[in-house]
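In this note's numbering, the protein residues as written are 98 to 601. Yeah, the Cβ is synthetic: ideal placement off N, Cα and C, and Gly gets one too.
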C-alpha cells in the first residue's frame, strides 16, 4: 500500500478550505441553485444549516463538468458497445474519443473529472458525519436520518471510484494535517467493506418513502438496491443470496411497480414515478448561461444537449451536439424488440427533419434523455438547462438483479423467471421458460435491451467477464482497461507517492 503526500493535491486541499454551496428549495429537494458560500468555521451551528450542508453532499451527484464534460452515465455508454463518442469531429471532446476507443493515457480521458467529483462528494459526506452530532438543536430523528443519507452518498461515491479506478486513496474522515502523509491507496477488497457497511447502516435508518416535497432524498429501497448492485459488481458468488434478498425486500415493500408504458419512463411526467427507486434530479429553472455555469455545472443536465442531433431542424426534438450516436451493433440487436422506438431514434424516419451528421454518425440517436422541443428551458442558455432527471435506479433493474441473484445462488428459478417475465410482459414479450445457465444468459440479454443506453452495459460486461470479447474490436484489453488510469495530475501532486494502474 502507498502513502499519499499532501503537497498540492487538489482534493486534499478540500480538507484545509471548505466552501459550502447552499441552495433554496424549489420543485423538489435537489432542484436548488447555489446562492452563496459559507466558511466551515462559521457553519454547522443549527439544524437548518446542517440540512443545507446535507444538500451540498447531494449536489455533487449533479456535477457534469469537472475538468471537461464528464457526465457519468453518458460516458459509460461511450465505453460500452451501446454508443460511440460522436461530437462534431474527432477533435471534439478528445477524452470521450479516448474512452470510446480505449486510447486512454494518464493525461487523456475522463478520469480526472470522475476522480475529483467523487472525492469532493466523499469529503462533504465525511464532514457532515463528523459535525452533525455536535449541533445541539438538531433533533434525534433528524440526526439519524441525515447520517444515513450521508452514508448512502459516501458509499455511492466510493462505489463509483472503485469501479472506475480499482486502487484508490481511502478516506473515511476529514483529514488533519498530520495525516496527509499516511493515507493509504488500497485495492477494492479494502474499500468494499466500507461501502457495504455504510449501505447496511443506511438501510436500517432510512424511511421507506418520502413526501412529494422531498423527492430526491434517498429511501430504504434505494439503499437496498444500491447495495445489491455493489454486491453484484463485487462478484462474490457467496453473496448472491444477499443480492436476491435485498432486491426482494424492495419488491415486497409495495412501494414500486413498473409503469404500463415503457416510453413513459423518460417523459417529464415519468420522473419519480412508481418505477423510480432513485433519481439524480436536475432543473430547467436555474437560468444558467456560459458565464455562470460554475464549477461542477449548474442545475441543468447538459448531457441532454450532448446527445441531440446537431443542427436539427424538424418536429419533436431540439437541436444538440451529436454525441453518443447509437452504435450499429445495438441498433441491429434491438430490431424487432418492442423497446426499440423508445430507445433509438432513427433520424431517417422523422418526417421533414434534417440534421448535420457529426463524427461517427450512424443516423441513430439516443431516445432516452433526448432533448425534446417541449422541454426547452424558459430562461438561460437552453443547452445548459435541461431538466431531465437521471433514472439512477429503476424498479425493472431491481427485478432483473433479483432474478440474477436467485439463479446464481441456486435459489428458486421459478421466482427468478417470474421477475424476468414481469419485465418482459410489460412490453408484450413472451415469457421465458429456460433454466440453469440459459436462464442466466436470458437475464443478461434482458438487461442489455431493458437498460440500453442507461450507462449500465459497460459495467455489466466487466462483471460478467464478457468485456474483452465484446469490446476487443474497440481496443479493450481486460488487464488494462478494466480500470481507468489514475489522473497524472494527482500522481504529480502526490510527488509520485500515488502509483499508476497497470498498463498506463
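Assign residue i to one of two classes, buried (16 or more other C-beta atoms within 10 Å of its C-beta) or exposed (fewer than that).
i           : result
residue 482 : buried
residue 299 : buried
residue 471 : exposed
residue 270 : exposed
residue 606 : Since the first residue of the chain shown is 98 and the last is 601, residue 606 is not available in this structure.
residue 576 : exposed
residue 356 : buried
residue 451 : exposed
residue 354 : exposed
residue 533 : exposed
residue 538 : exposed
residue 234 : exposed
residue 361 : exposed
residue 101 : Only weak support is given to the placement of residue 101: the predicted model assigns it a pLDDT of 32, under 50, and the value that follows is read from those uncertain coordinates. Counting Cβ neighbours within 10 Å, residue 101 comes out buried, since at least 16 surround it.
Rounded C-beta distance between residue i and residue j? I'm assuming under 8 Å.
i           : j           : result
residue 456 : residue 186 : 5 Å
residue 374 : residue 318 : 5 Å
residue 232 : residue 244 : Incorrect: roughly 12 Å between the Cβ atoms, too far for contact.
residue 151 : residue 225 : 6 Å
residue 267 : residue 283 : 5 Å
residue 551 : residue 488 : 7 Å
residue 416 : residue 313 : Contact flag wrong, Cβ pair sits at about 29 Å.
residue 524 : residue 463 : Rounded, the Cβ-Cβ distance is 18 Å, inconsistent with contact.
residue 384 : residue 477 : 4 Å
To the nearest angstrom, report how far apart residue i and residue j are at their CA atoms.
i           : j           : result
residue 192 : residue 182 : 9 Å
residue 566 : residue 449 : 40 Å
residue 167 : residue 211 : 7 Å
residue 153 : residue 397 : 16 Å
residue 248 : residue 258 : 15 Å
residue 310 : residue 334 : 40 Å
residue 128 : residue 366 : Annotation note: pLDDT 44 at residue 128 (below 50); position unreliable, no value reported.
residue 126 : residue 220 : Bear in mind that the predicted position of residue 126 carries a pLDDT of just 46, short of 50, making it too unreliable to give a figure here.
residue 403 : residue 227 : 38 Å
residue 343 : residue 445 : 44 Å
residue 87  : residue 286 : Outside the shown range of the chain (98 to 601) lies residue 87, about which nothing can therefore be said.
residue 598 : residue 202 : 11 Å
residue 273 : residue 141 : 19 Å
residue 580 : residue 145 : 40 Å
residue 556 : residue 328 : 13 Å
residue 206 : residue 177 : 15 Å
residue 120 : residue 574 : Since pLDDT at residue 120 reaches only 34, below the 50 mark, its modelled position is unreliable, and no value is offered.
residue 157 : residue 216 : 10 Å
residue 280 : residue 198 : 33 Å
residue 179 : residue 346 : 31 Å
residue 371 : residue 490 : 12 Å
residue 426 : residue 302 : 44 Å
residue 316 : residue 305 : 6 Å
residue 294 : residue 321 : 12 Å
residue 526 : residue 518 : 8 Å
residue 414 : residue 350 : 38 Å
residue 559 : residue 553 : 10 Å
residue 308 : residue 369 : 11 Å
Between the options, which lies nearest to residue i when the distance is taken from Cα to Cα?
i           : options            : result
residue 332 : 304, 289, 148, 352 : 289
residue 475 : 344, 513, 252, 386 : 386
residue 515 : 524, 528, 507, 505 : 528
residue 412 : 379, 467, 370, 262 : 467
residue 604 : 549, 322, 489      : Past the boundaries of the shown model lies residue 604; the chain is included only from 98 to 601, so the question cannot be answered.
residue 148 : 236, 214, 544, 205 : 236
residue 160 : 256, 547, 380      : 380
residue 204 : 585, 195, 497      : 585
residue 170 : 241, 434, 261      : 261
residue 440 : 421, 407, 350, 509 : 421
residue 587 : 265, 537, 239      : 265
residue 458 : 484, 442, 419, 485 : 419
residue 561 : 188, 571, 545      : 545
residue 494 : 526, 326, 174      : 326
residue 492 : 596, 460, 323, 571 : 323
residue 568 : 336, 409, 173      : 173
residue 155 : 465, 246, 175, 351 : 246
residue 359 : 340, 437, 453      : 437
residue 501 : 165, 336, 213, 200 : 336
residue 442 : 460, 430, 434, 453 : 460
residue 364 : 406, 376, 485, 454 : 485
Can you find a C-beta in chain C that's less than 8 Å from the C-beta of residue i?
i           : result
residue 579 : The structure shown has no chain C; it contains just one protein chain.
*Unbroken alpha helix (DSSP H) runs of length 4 or more, entirely within the stretch 294-364: which are they?*
317-331, 337-349
*Can you check the stretch 439-516 for any alpha helix (DSSP H) of at least 4 residues that lies completely inside it and give the ranges in chain order?*
492-505
_Whole runs of the beta strand (DSSP E) within the stretch 252-286, excluding any shorter than 3 residues_ = 280-283
*Go through the stretch 152-201 residue by residue and report every complete run of the alpha helix (DSSP H) that reaches 4 residues or more, in order.*
169-176, 191-198
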